[in-house]
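Chains A and B are the protein sequences, given in the same order. Counting in our numbering, the final residue of the first sequence is number 195, and the numbers go up one at a time with none missing. Counting in our numbering, the final residue of the second sequence is number 390, and the numbers go up one at a time with none missing. Positions of the beta carbon are idealized from the N, C-alpha and C atoms, including for glycine. I have placed the structure first, in the form of structure tokens, so that the comments after it can refer back to it.
There are 2 protein chains.
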Amino acid sequence: MSTSPISGRYHHGDLRRALLDAAMEMLEAEGAAGLGLRELARVVGVSAAAPYRHFDSKIALLEALAITGYQRFSRMMGEAERDSAPEQRIATMGQTYVRFALANPNLFRLMFSPDLKRDNRPGLRMAADAAFDTLRAVTAALPEGDKRIAALKAWAQVHGLAVLLLDGQIALRPNEDIGALIAAVLADKTGFDAA
Amino acid sequence: MSTSPISGRYHHGDLRRALLDAAMEMLEAEGAAGLGLRELARVVGVSAAAPYRHFDSKIALLEALAITGYQRFSRMMGEAERDSAPEQRIATMGQTYVRFALANPNLFRLMFSPDLKRDNRPGLRMAADAAFDTLRAVTAALPEGDKRIAALKAWAQVHGLAVLLLDGQIALRPNEDIGALIAAVLADKTGFDAA
DNA sequence: GCGTCATGTTAACAGTGCACACATAAATAG
DNA sequence: CTATTTATGTGTGCACTGTTAACATGACGC
């Protein structure tokens, strides 16, 4: 926590930042459901109603967290895109996608939470669109054929892998390298035809 | 709702069933977070504490719902396996997987919820294992090569597709047939090599 | 009929999100 | 520099939640 409240003051100084920082920690520690506004206020050392001066509701707070999540995600994906040769681009970005999810499980879950999408405030939509634009840029690097299907397939593979790993559904072998696993799954050429 | 409480009686008759039925409806309507034990009791026409005679906690109730979810899922996947020629097996079961998710969004989400997995009661584990055993049986039908990777890839594809569709992340074209989309993604042979 | 026990009820506790009126201090106008 | 407006934090209260404990009811075996 980088904020120093200078305790005892009536006005906090930068409560919004302090709330966001503490909330992000609580989110990763307990999940979105375990993040309580009152507990959050308690942690930051402020009254229970104070957070409402900065966030309309709990969902608005979560939305702000999700937005910074999209920004981090976007930045990482952008770096992955720039730092990789065109042929490796998709593999590298796939790795980055899954690694981001594994590094920030609850933030990742929050970003894809339908509860947030429900009352779609524009801020979230914009951040999400910006992040996914980075993904869409990869479509160009896809092999020939139906690019939309190929893109969907790549996204589904990567996202499915991330979610299954997050939920502990995939049993990793002892000392197994996750990166190698991701690479193997992405590179696999098996097709499951209906004939 | 198939249960008739014969209103006015002190003892309900089959409260457990009534609770499960109503809870399943509420789950699909509102999601697991929106399912309240008190509201549930109110709907069934019973006091707020009554459900605790049949379920230790809210999480236990959700667990029971998830178990019947796994049973339905297992049954559908089993039928898909039996009713399909070996070459089409994977495609058909993939279709079934995604269709189940789309037909029971919140139940599907609940089944994969990490909150349930956290305090892993044996009943849930068994139901889940039984369901996934049906999936594991398909591994045999996979093409040659590293079967584990191919199985993981298939699972990730199908699960990712289901989750992305559920969360409204995939924009469907007007009048687009979901079945065709699933089939196209599954059949696609694009591999994303790292060289 | 009598007791036992499963299954209901009522009441209470601790916790939550949120809204209101009020207090304080920082910013701004004169 | 003072006066007033505005931003920000406090206190209190409401309606709701999950959960527990003590008590009531009635179904079932003797």
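Residue state for Ala48 (chain A) is assigned as coil, using DSSP reduced to three classes.
The Cβ of Phe307 (chain B) sits closer than 8 Å to at least one Cβ of chain A. Here the alpha carbons of Val163 (chain A) and Asp362 (chain B) stand approximately 13 Å from one another.
Between Thr190 (chain A) and Gly289 (chain B) a beta carbon distance of about 13 Å is seen, past the 8 Å cut, so the two are scored as non-contacting. For Asp115 (chain A), the enclosing alpha helix (DSSP H) begins and ends at Pro114 to Arg118. In this structure, B:Pro338 is the residue among B:Pro338, B:Thr329, B:Thr263 and B:Asp209 with its C-alpha nearest to the C-alpha of Asp188 (chain A). Excluding the 5 residues flanking it on each side, Arg294 (chain B) has no same chain C-beta neighbour closer than 7 Å.
Under the Cβ criterion of 8 Å, Ala130 (chain A) is not counted among the residues facing chain B. Per DSSP, the continuous alpha helix (DSSP H) segment holding Ala378 (chain B) begins and ends at Ile373 to Ala382.
Under the three-state reduction of DSSP, Leu142 (chain A) is assigned to coil, being neither helix nor strand. Around the beta-carbon of Leu319 (chain B), 16 or more other beta-carbon atoms lie within 10 Å, marking it buried.
The stretch 167-179 of chain A makes no contact with the stretch 362-374 of chain B: fewer than 3 CB pairs, one atom from each, lie closer than 8 Å. The stretch 314-331 of chain B makes contact with the stretch 256-276 of chain B; the number of CB pairs closer than 8 Å reaches 3 or more. Remark: fewer than three beta-carbon pairs, one from each stretch, lie closer than 8 Å, so the stretch 82-92 of chain A and the stretch 25-39 of chain A are not flagged as touching. The C-beta distance from Val185 (chain A) to Ala351 (chain B) rounds to 6 Å, short enough to fall under 8 Å. Per DSSP, the unbroken alpha helix (DSSP H) holding Gly273 (chain B) starts and ends at Lys253 to Arg277.
Contacts between Leu356 (chain B) and chain A, judged by CB atoms closer than 8 Å, involve Leu152, Ala156 and Gly160 in chain order. For Phe192 (chain A), a Cβ of chain B is located within less than 8 Å of the residue's own Cβ. Here Gly289 (chain B) carries a helix assignment [DSSP, helix/strand/coil]. If the five residues before and after Phe108 (chain A) are omitted, its C-beta is found closer than 6 Å to the C-beta atoms of Ala101, all from its own chain and listed in chain order. Secondary structure within the stretch 200-234 of chain B: the alpha helix (DSSP H) runs of 4 or more consecutive residues, fully enclosed, are 210-225 (chain order). Chain order gives the chain A residues near Val380 (chain B) as Ile149, Leu152, Lys153 and Ala156, where near means a beta carbon separation below 7 Å.
Under the 10 Å beta carbon count, Asn104 (chain A) is surrounded by 16 or more other beta carbons and is classified as buried. Shown here for Glu258 (chain B): same chain residues with a beta carbon closer than 8 Å to its own, the five before and five after excluded, namely Leu311, Arg316, Gly318 and Leu319 in chain order. What Gly69 (chain A) touches in chain B, judged by beta-carbon distance under 8 Å, is nothing: the nearest beta carbon there is about 15 Å away.
The Cβ neighbour count for Met111 (chain A), taken over all protein chains shown within 10 Å, is at least 16; the residue is labelled buried.
Residue range Pro122 to Arg136 is occupied by the alpha helix (DSSP H) that includes Gly123 (chain A). In the DSSP annotation of this structure, the continuous segment of the alpha helix (DSSP H) that includes Asn106 (chain A) starts and ends at Pro105 to Met111. Note on Ala127 (chain A): 16 or more other CB atoms within 10 angstroms of its CB, so buried under the neighbour-count rule.
Within chain B, Phe307, Ser308, Pro309 and Lys312 have C-beta atoms less than 9 Å from the C-beta of Asp167 (chain A), given in sequence order.
Just measuring C-alpha positions, the residue of A:Ile149, A:Arg17 and A:Glu87 sitting nearest Thr68 (chain A) is A:Arg17. Each of A:Leu65, A:Leu165 and A:Tyr52 was checked against the Cα of Tyr97 (chain A), and the nearest Cα belongs to A:Leu165. Excluding residues up to 5 positions away in sequence, Leu256 lie with their Cβ nearer than 6 Å to the Cβ of Phe250 (chain B) in the same chain.
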